[in-house]
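Trainee: The structure under discussion is supplied below as structure tokens; questions concerning it will follow.
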Amino acid sequence: MSAALKGAWALTMKPRMRFFSSQGFTLVEVMVAAILLLAAMAGIVPFFLGGLNQATTVRYKSLATNIARERMEEIRQLDYREITSPETLVDRFGSTSAERGIDFQVSYGVEESAYEEGILKKVTVNVAWTAPPKLSTASITTMIHQQFLGPRGARLELIPSSSDPLGTPFPMVAGMTQAKYHLAQADWSLVFNDLDEPGMTARNVYARLVFFDDQGQSVALGDPDSDYKIDNSYLRYSVGPDGKVSDVWFEYSFDTDIVPDGYWELRAIAYNEYDQPGNIWRLRSRVEKGAPAMPASFVATPQSDNQSVVLTWAGGPERDRDHYVLERRKWEDPAWSDWTQLSVSLNPNATSYTDVGIPEVQDPWGSDTVQNRYQYRLWAVDICNPGNAGPAAEAETLIPPLGTTTTTVSSTTSTDVSTTTTSTSSTTTTLAIYSVQIRNSSNKGYSLNIQDGSGSTVFSGSVAKNSTLTVPNLSSGNFLITATASGRPTITQSFSLPAQAGQIVLTIL
0 MSAALKGAWA
10 LTMKPRMRFF
20 SSQGFTLVEV
30 MVAAILLLAA
40 MAGIVPFFLG
50 GLNQATTVRY
60 KSLATNIARE
70 RMEEIRQLDY
80 REITSPETLV
90 DRFGSTSAER
100 GIDFQVSYGV
110 EESAYEEGIL
120 KKVTVNVAWT
130 APPKLSTASI
140 TTMIHQQFLG
150 PRGARLELIP
160 SSSDPLGTPF
170 PMVAGMTQAK
180 YHLAQADWSL
190 VFNDLDEPGM
200 TARNVYARLV
210 FFDDQGQSVA
220 LGDPDSDYKI
230 DNSYLRYSVG
240 PDGKVSDVWF
250 EYSFDTDIVP
260 DGYWELRAIA
270 YNEYDQPGNI
280 WRLRSRVEKG
290 APAMPASFVA
300 TPQSDNQSVV
310 LTWAGGPERD
320 RDHYVLERRK
330 WEDPAWSDWT
340 QLSVSLNPNA
350 TSYTDVGIPE
360 VQDPWGSDTV
370 QNRYQYRLWA
380 VDICNPGNAG
390 PAAEAETLIP
400 PLGTTTTTVS
410 STTSTDVSTT
420 TTSTSSTTTT
430 LAIYSVQIRN
440 SSNKGYSLNI
450 QDGSGSTVFS
460 GSVAKNSTLT
470 VPNLSSGNFL
480 ITATASGRPT
490 ITQSFSLPAQ
500 AGQIVLTIL
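Here the sequence shown is numbered in numbering that gives the first Met the number 0, starting from 0 and rising by one per residue.
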């Protein structure tokens, strides 16, 4: 390269090299800057980490507090006597709870007030979790007061009873049964004067025992003439080896025939001598009265088309009816044919069925000149035991109906039956008329509606507070009472005639 070119190249490159040198950073400068940045971040990062940790702790604390509140509300729903120790609460509600994938540990505390022993308890619920983040236990404490002035219950039992074949934990009762309502030991002095003394006497106390079903229907035990009070004549007690009273209870025997089949809740309340109630004790149970009753008012009515027959009936009073079975047979002179099944699983609440004949037969119902004679039978099957079928009701009809027939409805005579006879030139009908009573022992009037098995209203009226109403002019069959009052739950109750003629079929407490 010539000297001239070398000189030109040198002149060109020198400014560029000076440019890069003046705009760059040395390695030392970069390292110093990084150290300064790290020093600054070292003071900020712990602040953010601490805030994040605190937020997590607050979130856990909020969940724990909600769990404690929920458990405390559940404890407050218990009867006072059931809140005895932390162990009983653990058995009832458990010692753990999982929320949003987090496991919490729950503990309880129960202390009886030293100032008001026997009527006030201090209850604490503690909820903790395993760190991290930092453990901060949630704790709620409240005072729970004894709610009842009357004698409190301790246990309710039905004797004898057996296991429910359907596998529920409820006792099953049938026939003569004894209800025993045991009272809490702390309240025995409310029941007896001079407790544990040789001359102790029962105070003027009483109890009420009432069966309720899921629809609100009720059956009260006790004497209706005494307002269904189980008075102190039914009070019993036992004495231990130390000569002191060891148990106190009301004991009342009754026949389960007064209670329809099905599941019921027996509620017991004891009252002190000032008519102040104790707690309500509940016992879920099942009443089993055997096979379902024979369907009532079973009638076969041929239709004007002479091609169909409408069957109607009223169901029995049982609550555990699983289904109906319906069969038909034809008269083939000189004998009846075999029974043909029309249905083996009719709805247990059904009250009618339309028979449209046998499709493969050209003219199954006869003609204008030839009558066919058919017979039907219907029975109900128990829900517990499919082989436990009730007696069958039978109905018969001629198709087509060539002329006027005579219908007779008969009933067993009772002291509360009047008979009405209506006659025409071609038809004579005899109907049995009954009456029943409805007692209102509450302090509020109720509106009443009574329907028959077909759903038609046969009575509408009202019963005043603390009074008894007689409902007359009822025919045989099954009926449903609906009683309503403002601000009160609707009450429904079924009854059957003539079985309950002249009786009190509903008591409103």
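A virtual CB, placed ideally from N, CA and C, is assigned to each residue, including glycine.
Below 8 Å, how does it come out for the segment 223-235 and the segment 276-285: are there three or more Cβ pairs, yes or no?
Mentor: no
Trainee: Pick out the complete beta strand (DSSP E) segments inside the segment 75-148, 3 residues or longer, and give them in chain order.
Mentor: 95-98, 101-111, 119-128 and 137-144
Trainee: Rounded to a whole number of angstroms, what is the C-alpha to C-alpha distance between R320 and Q502?
Mentor: If you draw a straight line from the Cα of R320 to the Cα of Q502, it comes to about 25 Å.
Trainee: Give me the residue from T481, R99, F191 and T64 with the minimum Cα distance to S135.
Mentor: T64
Trainee: Beta-carbon separation of F478 and I449 under 7 Å?
Mentor: In terms of Cβ geometry, F478 and I449 form a close pair [threshold 7 Å].
Trainee: Can you check which of these residues, D254, G149 and G315, is closest to Y79 by C-alpha distance?
Mentor: G149
Trainee: Assuming contact is defined by CB atoms lying nearer than 7 Å, are T483 and T491 in contact in what I supplied?
Mentor: no
Trainee: Pop quiz: A269 and L508 are said to be a contact at Cβ under 8 Å. What is the actual Cβ separation, rounded to whole angstroms?
Mentor: That belief does not hold up - the Cβ atoms of A269 and L508 are roughly 15 Å apart, past 8 Å.
Trainee: Pick helix, strand or coil for E264, following the three-state DSSP scheme.
Mentor: Look at E264 here: in three-state DSSP terms it is strand.
Trainee: Quick check on the burial criterion: 16 or more other C-beta atoms within 10 angstroms. Buried or exposed for T406?
Mentor: Because T406 carries a pLDDT of 36, less than 50, the predicted location of this residue cannot be relied on, and the following value inherits that uncertainty. Under this definition T406 is an exposed residue.
Trainee: From what residue to what residue does the beta strand (DSSP E) around V204 run?
Mentor: Run containing V204: none; DSSP gives neither H nor E here.
Trainee: Can you list, in chain order, the residues of its chain with a C-beta nearer than 7 Å to that of S188? Leave out the 5 residues immediately preceding and following it.
Mentor: Once the five neighbours on either side are set aside, the close Cβ partners of S188 are L194.
Trainee: Of the residues S459, T350 and G289, which one's Cα is nearest the Cα of S446?
Mentor: The option with the nearest alpha carbon to S446 is S459.
Trainee: Enumerate in chain order the residues of its own chain whose CB-to-CB distance from S495 is below 6 Å, with the five nearest sequence positions on each side excluded.
Mentor: P316 and N477
Trainee: From this set, N192, E196 and R151, which residue's C-alpha is nearest A183's C-alpha?
Mentor: Selected option, being the one with the closest Cα: R151.
Trainee: For a test of your reading of the model: does the CB of T481 fall under 6 Å from any non-hydrogen atom of the ligand ZN? Yes or no.
Mentor: Within the structure as shown, the ligand ZN is missing, as the structure has no ligands at all.
Trainee: For A67, which residues does DSSP report across the bridge?
Mentor: DSSP lists no partner for A67.
Trainee: Within 10 angstroms of the Cβ of E287, are there 16 or more other Cβ atoms? Answer buried if so, exposed if not.
Mentor: It is buried - the Cβ of E287 has at least 16 other Cβ atoms within 10 Å.
Trainee: Assuming V343 contacts V324 (C-beta within less than 8 Å), just tell me the rounded distance between them.
Mentor: 5 Å
Trainee: Going by beta-carbon coordinates alone, are Q374 and R318 separated by less than 7 Å?
Mentor: no
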